[in-house]
Amino acid sequence: MVKYTTIKKNLKFEIEKGDNNDLAFLTHYLQNHENGVAPHFKDSAIKFYNELNAQLDCVLEPEIQLVLPMDFDVPFPPPEKIDFTFIDLFAGIGGFRIPMQELNGKCVFTSEYNFYAQKSYELNFGEVPFGDITKLNLDIVPNHDILVAGFPCQPFSISGKMKGFEDTRGTLIYNVLQIIEKREPKVVVLENVKHLVHHDNGNTLKIILKHLEDLGYLISWKVLNASDFGVPQNRERIIIVGNKQKKFDFSKITEKPKMILKPFLEKDVEFEYLNEPYTLIENFRSQESGLIFVGHRNKKIRGAGVRPGTEHLSRVHKQPNRIYSSEGLHPALPSQETSGRFWIYDEGTVRKLTINECYRLMGFPDDFIKISNTSELYKQIGNSVCVPMVKEVIKQVKDQLL
Ligand SMILES: C[S@@+](CC[C@H](N)C(=O)[O-])C[C@H]1O[C@@H](n2cnc3c(N)ncnc32)[C@H](O)[C@@H]1O
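With the working numbering applied, the sequence shown corresponds to residues 18 to 419, in that order.
What follows is the structure, encoded as structure tokens:
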């Protein structure tokens, strides 16, 4: 069987910045050639493949079918047994895709427009996401059982400007609704920041739910915390589940006992210690959330002046000053903290969480390939979803609604 990485090497795969979807067509075709989904991608994929083939003269067969099926020698290949299909919108680095594949879900379409996230996604899953969802001809989206979308949260988040639907990123939910209307998936799973519940006095959420109901879906939603799913991070996110026959019952989701940071920390690697004055407080206690705030840097980022136009980030600005104990939980990793100033107190020293530790706090397996510069990596993981939390939700979706 031909290996995916061999074909990739021969074809000199290079994801480009911009709106070119050639590689998305090709890789979607490679992953879906015999499951009824291929017609959505076939013509464009073969055209592109033949152009490449002619240019490089590296694969003799005139038709792409001759290299299929393919051995997806990537960390997270498609499942061998398929129980359901799904589409992964605003896919980021694939926080939904990992657990859904583990539950025998086959991804049949994915969209993500960030160049670095696309590169990471391709390396880990062997598929290039389609780009900007607002520019896609939605006819290429195949039928599917479950639609998942962690639509951009900055317009609703308290660490963003909270402009909601006024922000063009806030209206991306309408692109999702268009796909739902067109393909009528059995189940819709949406994820966003907890603040969506309160945004514009609850009106934003009300509007989103009303649209889903108008499309015939019965909706349930709940704010879940990553810390209840085996990772030491206090990260609350709203999960909205819609189905046409039956309401999803969140009470059946199994939660786990809270964990602390300590067992998730790396050993024997080089740490970045805090090499400036800081203050440790006396008699610190565990907060109700499970965080143990033990001190702060003496430098006041916030007091030192927030740049004009960044006032909305004041809350995020505070976090790089704070130090939390490894005997407790960590606060939510935000996507805006691109220098990764997450300070922990461990073994009598204050140091930054490493990139690998941040990915562990989100439940990503250690064999997940992390590429690009560190600021992109911090941004990507801060944008992502907690993998074990999604897994529990989808497990229940499978049991209750499929
Ligand atoms: C909150 S993140 C979701 C991350 C994802 N759930 C994960 O596990 O990594 C939202 C993502 O939507 C992407 N995005 C924003 N606007 C987009 C658009 N118009 N088309 C496609 N992707 C978009 C962003 O680049 C970002 O990665």
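Where is the CB? At the ideal position from N, CA and C, for every residue including glycine.
Just verifying my parser: in three-state terms, what is the DSSP assignment at residue i?
i	result
Cys403	coil
Tyr362	strand
Asp162	coil
Tyr21	helix
Arg339	strand
Asp88	strand
Tyr395	helix
Pro325	Confidence at Pro325 is low in this model, with a pLDDT of 49, below 50, so the placement of that residue should be treated as unreliable; the coordinate-derived value is given next. Note: Pro325 maps to coil in three-state DSSP.
Leu297	strand
Asn37	coil
Leu330	Unreliable placement is indicated for Leu330, whose pLDDT of 46 sits below 50; the coordinate value is still reported in the next sentence. Note: Leu330 maps to helix in three-state DSSP.
Asn292	coil
Phe147	strand
Val258	strand
Val286	coil
Ile81	helix
Phe42	helix
Lys408	helix
Leu419	coil
Glu68	helix
Pro280	helix
Gly320	For Gly320, the pLDDT reaches just 46, beneath the cut-off of 50, and the residue's location in the model is therefore unreliable, although a value from the coordinates is still provided. Gly320: coil per DSSP, three-state reduction.
Val414	helix
Run through the DSSP bridge pairs and tell me what residue i is partnered with.
i	result
Pro348	Asn251
Thr127	Asp105
His50	None, per the DSSP bridge assignment.
Lys369	Trp360
Gly122	Phe101
Asn242	Glu253
Ser303	Ile309
So residue i packs on residue j, CB below 8 Å; how close in whole Å?
i	j	result
Glu346	Leu278	First, the residue type needs correcting, since residue 346 is Leu and not Glu in the sequence shown. Indeed they touch by this definition, with Cβ atoms about 7 Å apart.
Pro337	Glu354	6 Å
Asn209	Ile150	Their Cβ separation, rounded to whole angstroms, is 16 Å, which puts Asn209 and Ile150 out of contact at 8 Å.
Gly399	Pro351	5 Å
Tyr46	Phe58	4 Å
Pro92	Ile386	6 Å
Ile110	Ser401	6 Å
Pro298	Glu344	Contrary to the premise, residue 298 reads as Ile rather than Pro in this sequence. No, Ile298 and Glu344 are not in contact; Cβ-Cβ is about 14 Å, not under 8 Å.
Lys316	Glu293	6 Å
Leu213	Thr221	6 Å
If I follow the unbroken alpha helix (DSSP H) through residue i, where does it start and stop?
i	result
Ser137	Phe132 to Phe142
Val193	Leu189 to Arg200
Glu119	Arg114 to Glu119
Pro154	The sequence as given places Asn at residue 154; Pro does not occur at that position. Where Asn154 is concerned, there is no enclosing alpha helix (DSSP H), given that its DSSP letter is neither H nor E.
Tyr234	Premise fails: Tyr234 is in no alpha helix (DSSP H) and is neither H nor E.
Glu208	Run containing Glu208: none in the alpha helix (DSSP H); it sits in the beta strand (DSSP E), Val204 to Val210.
Starting from residue i, trace the beta strand (DSSP E) both ways and give me its first and last residue.
i	result
Ile104	Phe101 to Leu106
Thr221	Taken as a continuous stretch (DSSP letters only), Thr221 belongs to no beta strand (DSSP E), being part of the alpha helix (DSSP H) at Asn220 to Asp231.
Arg314	Phe310 to Arg314
Practice task
Tell me, please, whether the region 257 to 268 touches the region 229 to 245 by the rule of three or more beta-carbon pairs shorter than 8 Å.
Solution key: yes
Handout entry: Three CB pairs or more closer than 8 Å across the region 92 to 107 and the region 25 to 43
Key = no
Exercise for the section: Please determine if the region 115 to 123 and the region 18 to 31 are in contact, where contact requires at least 3 C-beta pairs separated by less than 8 Å. Expected result: no
Handout entry: Inter-stretch contact at 8 Å, needing at least 3 Cβ pairs: the region 265 to 283 / the region 235 to 252
Key = yes
Problem - Given 8 Å, three or more beta-carbon pairs between the region 191 to 210 and the region 154 to 162 - result: yes
Problem - Cβ contact (3+ pairs, closer than 8 Å) linking the region 244 to 251 and the region 389 to 409 - result: yes
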